[in-house]
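Chemist:
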Amino acid sequence: MHDLYPGNRYVGDIVLFPDNSNVLAPDVDPIEVRMRISMVFQKPNPFPKSIFENVAYGLRVRGENRKRRLEEKVEQALKAAALWNEVSHRLNELAFNLSGGQQQRLCIARALATDPEMLLFDEPTSALDPIATGSIEDLIHDLKTRVTILIVTHNMQQAARVSDYTAYMYLGELVEFGVTEDIFVNPTKKQTEDYITGRFG
1 MHDLYPGNRY
11 VGDIVLFPDN
21 SNVLAPDVDP
31 IEVRMRISMV
41 FQKPNPFPKS
51 IFENVAYGLR
61 VRGENRKRRL
71 EEKVEQALKA
81 AALWNEVSHR
91 LNELAFNLSG
101 GQQQRLCIAR
111 ALATDPEMLL
121 FDEPTSALDP
131 IATGSIEDLI
141 HDLKTRVTIL
151 IVTHNMQQAA
161 RVSDYTAYMY
171 LGELVEFGVT
181 EDIFVNPTKK
191 QTEDYITGRF
201 G
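Numbering (the numbering used here), first residue to last: 1 to 201.
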């Protein structure tokens, strides 16, 4: 996510499987890493561009400028984000004209357009109302058959609803990891149980 500034360095390895590539290696192109791993933030953050150009942005960064190819990929991404039917007739409008839930789905479409291997979601529905939250959760259920999704959430009910596996972390340390149902019904660590039942946190 972050470019290195003079006088700073990365330490350690972050290895992606199955090709065993270390994303922190000096010869790795950060643009390509950003294409493989897409990020959707807590608050919708559309660019000050049209709906079309928001979705096409990553493709253009990658060097794709063929009009027909861009149109195909933008349509595919908007359909995958369950937004196409709502915006197909106004792709040239500013993305800021969309509702909060639509803006978040636009950000998901932008993340999907480059065909990533993984989607990272940081509290993706915390700024949304319950109806928009339901739409995003339905979308996550559809998308997880096509791409690996990692969600950071403090919403226990949401974690139980949308995830296949759950990891409980505290102060940067992994406390427990397992099948979501097992974690919520029969956690093996008392610290996990205390958090899930509300005795802690």
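All C-beta atoms, glycine included, are put in the ideal place defined by N, C-alpha and C. From a predicted model like this one, the values you see are computed outputs, not experimental measurements.
Which residues mark the beginning and the end of the beta strand (DSSP E) in which ASP182 is found?
Modeler: On the sequence shown, residue 182 is found 182 positions in, with the first residue counted as 1. Segment 180-185 is the alpha helix (DSSP H) holding ASP182; no beta strand (DSSP E) there.
Chemist: Identify, in the order they occur along the chain, each residue of the same chain with its Cβ nearer than 6 angstroms to the Cβ of THR125, setting aside the five sequence neighbours on each side.
Modeler: Numbered from 1 along the sequence shown, position 125 holds the residue referred to as residue 125. Taken in chain order, the residues that qualify are THR133, ILE136.
Chemist: What are the start and end residues of the beta strand (DSSP E) that includes VAL28?
Modeler: Locating residue 28 in the sequence shown gives position 28, counting from the first residue. It is not in any beta strand (DSSP E) - VAL28 carries neither H nor E in the DSSP assignment.
Chemist: Assess contact between the segment 88-97 and the segment 3-10, defined as three or more Cβ pairs (one per stretch) separated by less than 8 angstroms. Is contact present?
Modeler: Because the criterion of three Cβ pairs below 8 angstroms is not met, the segment 88-97 and the segment 3-10 do not touch.
Chemist: So, for GLU64: in the same chain, excluding its five sequence neighbours on each side, which residues have a beta-carbon less than 7 angstroms away from its beta-carbon?
Modeler: Locating residue 64 in the sequence shown gives position 64, where the first residue counts as 1. Cβ neighbours of GLU64 beyond the five flanking positions: LEU70.
Chemist: So, are the CB atoms of ALA160 and PHE184 less than 7 angstroms apart?
Modeler: Taking the sequence shown and counting its residues from 1, one reaches residue 160 at position 160. Taking the sequence shown and counting its residues from 1, one reaches residue 184 at position 184. Result yes, Cβ atoms of ALA160 and PHE184 sit closer than 7 angstroms.
Chemist: Please work out which residues of its chain come closer than 6 angstroms, Cβ to Cβ, to ASP122, disregarding the five sequence neighbours upstream and downstream, and give them in chain order.
Modeler: To locate residue 122, count along the sequence shown from 1; it is residue 122. The residues are PHE41, GLN42, VAL152.
Chemist: Roughly how many angstroms lie between the CA atoms of PRO49 and SER99, to the nearest whole one?
Modeler: Indexing the sequence shown from 1 puts residue 49 at position 49. Indexing the sequence shown from 1 puts residue 99 at position 99. A small fix is needed here, since residue 49 is Lys in this sequence, not Pro. Spanning the two alpha carbons is a distance of roughly 15 angstroms.
Chemist: Report yes if the CB atom of LEU59 is closer than 7 angstroms to the CB atom of ALA109, and no otherwise.
Modeler: In the sequence shown, counting from the first residue as 1, residue 59 sits at position 59. In the sequence shown, counting from the first residue as 1, residue 109 sits at position 109. No, the Cβ-Cβ distance between LEU59 and ALA109 is not below 7 angstroms.
Chemist: Terminal residues of the continuous alpha helix (DSSP H) containing LEU59?
Modeler: Stepping through the sequence shown from its first residue, residue 59 is reached at position 59. Element bounds for LEU59: 51-61.
Chemist: In chain order, what residues of the same chain lie with their CB nearer than 8 angstroms to the CB of PRO44, ignoring the 5 residues before and after it?
Modeler: Here the question's residue 44 lines up with position 44 in the sequence shown. Correct list, in chain order: GLY100, GLN103, GLN104, LEU106, CYS107, ALA127.
Chemist: Find the nearest neighbour of ASP138 within the set HIS154, VAL147, GLY178, ALA82, judged by alpha-carbon distance.
Modeler: Start at 1 with the first residue of the sequence shown, and residue 138 comes out as number 138. Nearest of HIS154, VAL147, GLY178, ALA82 to ASP138, Cα basis: ALA82.
Chemist: Assign TYR165 to one of two classes, buried (16 or more other C-beta atoms within 10 Å of its C-beta) or exposed (fewer than that).
Modeler: The count along the sequence shown starts at 1 and reaches residue 165 at position 165. Answer is exposed; the Cβ neighbour count stays below 16.
Chemist: Please report the distance separating the alpha-carbon of MET35 from that of GLU75.
Modeler: Along the sequence shown, read from residue 1 onward, the residue named residue 35 stands at position 35. Along the sequence shown, read from residue 1 onward, the residue named residue 75 stands at position 75. Taking the straight line joining both Cα atoms gives about 18 angstroms.
Chemist: Can you tell me where the alpha helix (DSSP H) with LEU112 in it begins and where it stops?
Modeler: Position 112 of the sequence shown holds residue 112. Counting along the chain, the alpha helix (DSSP H) containing LEU112 begins and ends at 100-112.
Chemist: In angstroms, rounded to a whole number, what distance separates the CA positions of PHE47 and ASN54?
Modeler: One-based indexing of the sequence shown puts residue 47 at position 47. One-based indexing of the sequence shown puts residue 54 at position 54. Spanning the two alpha carbons is a distance of roughly 6 angstroms.
Chemist: Round the Cβ separation of GLU117 and VAL147 to the nearest angstrom and send it over; I've been treating them as touching at under 8 angstroms.
Modeler: On the sequence shown, position 117 is the one that residue 117 refers to. On the sequence shown, position 147 is the one that residue 147 refers to. Yes, they are in contact, since the Cβ atoms of GLU117 and VAL147 sit about 7 angstroms apart, within 8 angstroms.
Chemist: Mind checking whether VAL175 and LYS189 have CB atoms under 7 angstroms apart?
Modeler: Your numbering for residue 175 matches position 175 in the sequence shown. Your numbering for residue 189 matches position 189 in the sequence shown. Contact flag set, yes.
Chemist: When you compare only the Cα positions, how much space is there between GLY172 and LYS73?
Modeler: By 1-based counting over the sequence shown, the position of residue 172 is 172. By 1-based counting over the sequence shown, the position of residue 73 is 73. Those two C-alpha atoms are separated by around 37 angstroms.
Chemist: Would you list the residues sitting across from ASP122 in a DSSP beta bridge?
Modeler: As a working mapping, residue 122 is identified with position 122 in the sequence shown. VAL152, per the DSSP bridge assignment.
Chemist: As a quick exercise: from ALA56, ILE51, ILE31, pick the residue whose alpha carbon is nearest that of ASN97.
Modeler: Mapped onto the sequence shown, residue 97 falls at position 97. Among ALA56, ILE51, ILE31, the Cα nearest to that of ASN97 is on ILE51.
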